[in-house]
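Numbering (the working numbering), first residue to last: 31 to 471. Below is one structure, written out as structure tokens, with a few remarks after it.
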Amino acid sequence: MPDCDYIVSGDYVLTMVDGAPPLRHGAVAVSAGKIVAIGGDKAIAAEYNPTTAVGGSGKAVLPGLINAHTHAAMVYFRGIADDLPLKEWLERHIWPAEGKWLSDEFVGDATELACCEMLKAGVTTFNDMYFFGDSSARAAKRMGMRAVLGAGVLDFPNASARNADEYIEKAEQFIKNWLGDDLITPSIAPHAPYTCSPATYMKAKRAAERYGVPLHTHLSETQHEVSEITKKYGKPPVELLEEIGFLDATVVAAHCVWVNDKEIEILAGRRTGVAHCIESNLKLAAGIAPVVSMLNKGVNVAFGSDGAASNNDLDIFSEMSFSARVHKAMSGDPTVINAFTALEMATSIGARVLGMGDKTGTLEVGKSADIVIVDLNKPHLAPFYDIYSVIVYSMRSPDVESVMVNGKLLVDRGKFIPKDEQEIMDKAWWWKDKIDGAKNI
Ligand SMILES: [Zn+2]
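Right, dumping it as structure tokens:
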């Protein structure tokens, strides 16, 4: 009887493998960070002798959720400027605040809070775009989280660089520092077509190609962006990036709210993944992305929270729930984005969008043990007739009980293991007082 590190069991094991039904009374054996067996709980218990058993009766086991677009360190700007349109929000509030406060210390501390928030809500992997990447990477590593960290690129200065070339030089150094890490995937993130010229986009792409790393950008977020880009270049943003040769399967495009049919065909043809950020889009009144058309045309669409300054949390359970509802209303068709599809977008499709389908996103032997256990024994979850329905339409992130990344238990029955949670929150309030104090001077 071979030993293993963990047996993770539950009334349901949702592997999210194409075509695989939910496994009733199932279990997953984990050893050295990987899933080594999946099957009925009795069969697994008879075959493996675990150091620790987690889960059990009244639980469901599912793959870790994927947050396909965020700016983790912006948690410290949560609620700093609400109820404003994107342009004013960015130009009058967010960019000035970032210019003043961003530093290695700020980004490191803030990323710890973001990881704590996401892990406790069942997110095991996030796709980030920000600055001071080494600090984010060290923080994510300390918290044990899997992340694709995109070094931000702009055509104008901020606290991290003076111009596009310097951002890209810094991105290359960051990539060299982290390439090959088991949890951190470095990437390059030209911010958006209205902040990066086509030349900057292609410099970023060439740099990414040199190291074989992914790219991450904002695309067609607002009508204003589309009209500005069309005025300047004679075509809308997706067509522009297609024409210059930027788009392919290594790119994650966040938002894609205002894309026409031709642009959806381009995204599908190039296998460019889309991060759908419905809560951020609703809050900034950016609009509602044509996700149903994208899915119908074969575009891989995952969920992103965007930064906490425009959401205002990093919760993928609520992204699933909002999306599954809003697109029904928008299309007048209650059958679209059913509960199973929503959970796929948050797990297996999410991993595919990030180019990590071989590593995470489903529960399969040989994949990393990125696993979430949810508690089904709650009043708002009783009774249920379909496990996917209860997870997408009734469950909320506090129902997450335990979370494992790469075979390490990071949340154990609600307790955050990597660091004292109160200490992380106290640090957030310390920074908030500093930011507020400076405002009042
Ligand atoms: Zn964003």
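Glycine is no exception: its CB is placed at the ideal position from the N, C-alpha and C atoms. In this text, all values refer to a predicted model and were calculated from it rather than measured experimentally.
Nearest by alpha-carbon distance to residue i: which of the options is it?
i	options	result
Thr252	Leu312, Ala59, Lys150	Leu312
Ala412	Asp429, Val402, Ile401, Pro220	Asp429
Ser21	Glu135, Lys389, Glu349	There is simply no residue 21 to check, as the chain begins at 31 and stops at 471 in what is shown.
Glu202	Ala229, Leu245, Arg168	Leu245
Ser250	Ala127, Ala284, Lys235, Ala279	Ala284
Val321	Ala359, Asn341, Val441	Ala359
Ala181	Gly444, Ala103, Ala144, Leu120	Ala103
Leu450	Gly56, Lys130, Ala127, Glu147	According to the sequence shown, residue 450 is Asp rather than Leu. Of the listed residues, the one whose Cα sits closest to Asp450 is Glu147.
Ile124	Ala339, Phe347, Ile447, Lys464	Ala339
Leu53	Leu314, Pro32, Ala90	Ala90
Gly337	Leu116, Glu77, Ala83	Leu116
Ala219	Ala170, Gly210, Glu258, Phe161	Phe161
Ala140	Trp119, Arg122, Leu114, Met173	Met173
Ile403	Asp33, Met31, Ile37, Pro32	Ile37
Pro223	Ser217, Val243, Lys261, Phe370	Lys261
Gly387	Gly85, Thr155, His254, Ala315	Thr155
Arg168	Asn207, Asp195, Cys286, Ser190	Asn207
Gly334	Gly328, Lys327, Gly303, Ala315	Gly303
Ala399	Arg122, Ala59, His55	Ala59
Glu349	Lys200, Thr280, His306, Leu314	His306
Lys292	Arg192, Leu314, Met324, Gly264	Met324
Ala468	Glu118, Trp131, Ser427	Trp131
Given the structure, does residue i come close to ligand 1, in the sense that its CB is under 7 Å from one of the ligand's heavy atoms?
i	result
Gly180	no
Ala67	no
His248	yes
Asp278	no
Ala284	yes
His306	no
Gly337	yes
His101	yes
In its own chain, which residues sit with a C-beta less than 7 Å from the C-beta of residue i, not counting the 5 before and 5 after it?
i	result
Gly88	Asp41, Asp405, Leu406, Asn407
Val395	Ile65, Val66, Ala67, Ile68
Phe204	Gly163, Asp164, Ala181, Pro216
Phe276	Tyr231, Met232, Lys235
Taking DSSP's pairing of strands, which residues face residue i in a bridge?
i	result
Ser424	In the DSSP output, where bridge partners are listed per residue, Ser424 has none listed.
Tyr224	Paired residue(s): none; Tyr224 is not in a bridge.
Ile403	Val91, Ser432
Ile68	Val58
Gly182	Ala219
Asp33	Asn79
Tyr160	Ala181
Ile96	Thr155
Gly396	Paired residue(s): none; Gly396 is not in a bridge.
Thr247	Ala283
Ile214	Ala177
Ala305	Ala284, Ala332
Who are the near neighbours of residue i in its chain, counting only those whose CB is closer than 6 Å to its CB and skipping five residues on each side?
i	result
Val420	Leu411, Phe414
Val153	Leu95, Asn97, Ile346
Pro364	Lys358
Ile296	Val268, Glu272
Asp442	Ser432
Arg382	Asn330
Ala57	Ile37, Ser39, Asp71, Ile74
Ile379	Asn330, Ala332
Arg300	Leu277, Asp278
Val105	Ala140, Leu143, Ala144, Ala338
Please classify residue i: is it buried, with 16 or more other beta-carbons within 10 angstroms of its beta-carbon, or exposed?
i	result
Thr390	buried
Ile471	Its pLDDT being 47, under 50, Ile471 is placed unreliably in this model, and the value from its coordinates should be taken loosely. With fewer than 16 other Cβ atoms within 10 Å, it is exposed.
Gly163	buried
Trp288	buried
Thr82	exposed
Pro409	exposed
Pro51	exposed
Phe186	exposed
Lys397	buried
Asn342	buried
Trp460	exposed
Ala237	buried
Ser353	buried
Asn157	buried
Leu209	exposed
Pro80	buried
Ala127	buried
Asp35	buried
Met46	buried
Leu270	buried
To which residues of the same chain is residue i closer than 8 Å at the C-beta, ignoring the five residues directly before and after it?
i	result
Val356	Ile308, Leu312, Ile318
Leu440	Leu149, Met173, Gly174, Met175, Val433, Met434, Phe446, Ile447, Pro448
Gly86	Ser39, Gly40
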